[in-house]
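Mapping the sequence shown onto the numbering used here, position 200 (from 1) lands on 238, and the numbers just tick up by one. Here a beta-carbon is modelled for each residue, glycine too, at the ideal position from N, C-alpha and C. These figures come from a predicted structure and were not determined experimentally. In what follows, a structure is listed as structure tokens, so that the remarks can point back to it.
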Amino acid sequence: MSRGGNSGPLKCGKGTTYEGGMREPAIAFWPGTIVPGVTHEMASTLDILPTIASLAGAKLPQVMLDGVDMTDILVNRGKSKREAMMFYPTDPSEKYGLFALRLGKYKAHFYTRGATHSGTTPDQDCSVFAVLKAHDPPLIFDLEADPSEHYPLPLMGRPDLQAVLERIMKAKVQFEASMPFGESQISKGSDTNLEPCCNPQCSPKPSCCTC
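This is how it looks when you write it as structure tokens:
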């Protein structure tokens with residue numbers, strides 16, 4: 039994917055809610071506190087604020103935060119407090135809500151679509167021409183056995199997977215009930231007069247800022 043990097047074995051890429059568009063490695067470095075090693079525990083950039091606050095002994099504001107404290111993972115090689123991961127598209131809306139939800143090793147896709155930055159992969163699900171598609175029941179993948187999201191798990195005749203789906207739907211309902219949508223800042227558009235100019239000596243601005 040020339041414009042969005044290479045997602046390797048993961049499905050699709052930037053701009054999608056498949057693993058290739060969301061999953062990233064991370065590095066934490068603190069000699070004397072963080073023991074060198076590797077963990078595959080689930081974490082998010084949303085967890086950085088509560089983690090730093092915990093390590094610094096700072097109090098968090100009394101507002102709802104989506105992040106959890108990752109100190110046990112970093113310092114004690116412990117388990118993640120994060121049980122679920124919520125996935126929204128690049129333009130989230132209250133109409134559709136969550137596109138996907140991961141609970142433990144299982145991930146459910148309620149909606150899928152491609153993206154511009156995934157267009158150079160041969161997978162037709164990734165192209166910008168892969169329009170929005172609803173999945174009812176959702177597509178469910180076992181990310182430990184199938185991180186490439188190639189093989190949706192069959193729900194029919196599988197009471198164990200039906201139980202997984204029930205847990206996922208319960209987590210979805212609880213999360214969406216507690217997460218009010220704010221006004222989209224992206225939908226307000228942009229003002230080129232407020233953007234940094236790549237050629238500060240040029241004139242007239244902003245039309246000359248075309249480096």
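Quiz item: When the Cα atoms are used, what is the spatial distance from Glu-214 to Thr-77?
Solution: Their backbone Cα atoms lie some 29 Å apart in a straight line.
Quiz item: Of all the beta strand (DSSP E) runs that stay within the bounds of the stretch 75 to 141, which reach a length of 3 or more residues?
Solution: Runs of beta strand (DSSP E) with 3 or more residues, each lying fully within the stretch 75 to 141, are found at 122 to 125 and 138 to 141, listed in chain order.
Exercise. Please decide whether Ser-118 counts as near chain B, where near means a Cβ-Cβ distance under 7 Å.
Key: Given the protein chain composition of this structure (a single chain), no chain B is represented.
Quiz item: Grouping DSSP H, G and I as helix and E and B as strand, with all else coil, what is Met-39?
Solution: Low confidence applies here, because Met-39 scores a pLDDT of 47, under 50, leaving its location unreliable and the question unanswered by this model.
Quiz item: Are Ala-168 and Gly-152 close, meaning C-beta to C-beta below 7 Å?
Solution: A contact, by the Cβ cut-off of 7 Å.
Practice problem: Report the residue from Pro-88, Leu-103 and Thr-55 whose alpha carbon sits nearest the alpha carbon of Pro-218. | Solution: Ranking Pro-88, Leu-103 and Thr-55 by Cα distance to Pro-218 puts Leu-103 first.
Practice problem: Below 6 Å CB to CB, which residues in the same chain sit around Ser-45 once its five sequence neighbours on both sides are set aside? | Solution: Counting only Cβ-Cβ distances below 6 Å, and skipping sequence neighbours, we find Gly-51 and Gly-58.
Quiz item: Can you pull the DSSP bridge partners for Met-56?
Solution: According to the sequence as given, residue 56 is Tyr; it is not Met. Note: Tyr-56 sits in no beta bridge, so no partner.
Quiz item: Going by the beta-carbon positions, is the gap between Cys-249 and Asn-237 smaller than 7 Å?
Solution: In terms of Cβ geometry, Cys-249 and Asn-237 form a close pair [threshold 7 Å].
Practice problem: Have a look at Leu-203 and Ser-245 and give me their C-alpha separation to the nearest angstrom. | Solution: Their Cα atoms are separated by approximately 53 Å.
Self-check item: Own chain, CB closer than 7 Å to Lys-210, minus 5 neighbours either side, in chain order
Solution: Cβ within range, chain order: Leu-136 and Leu-139.
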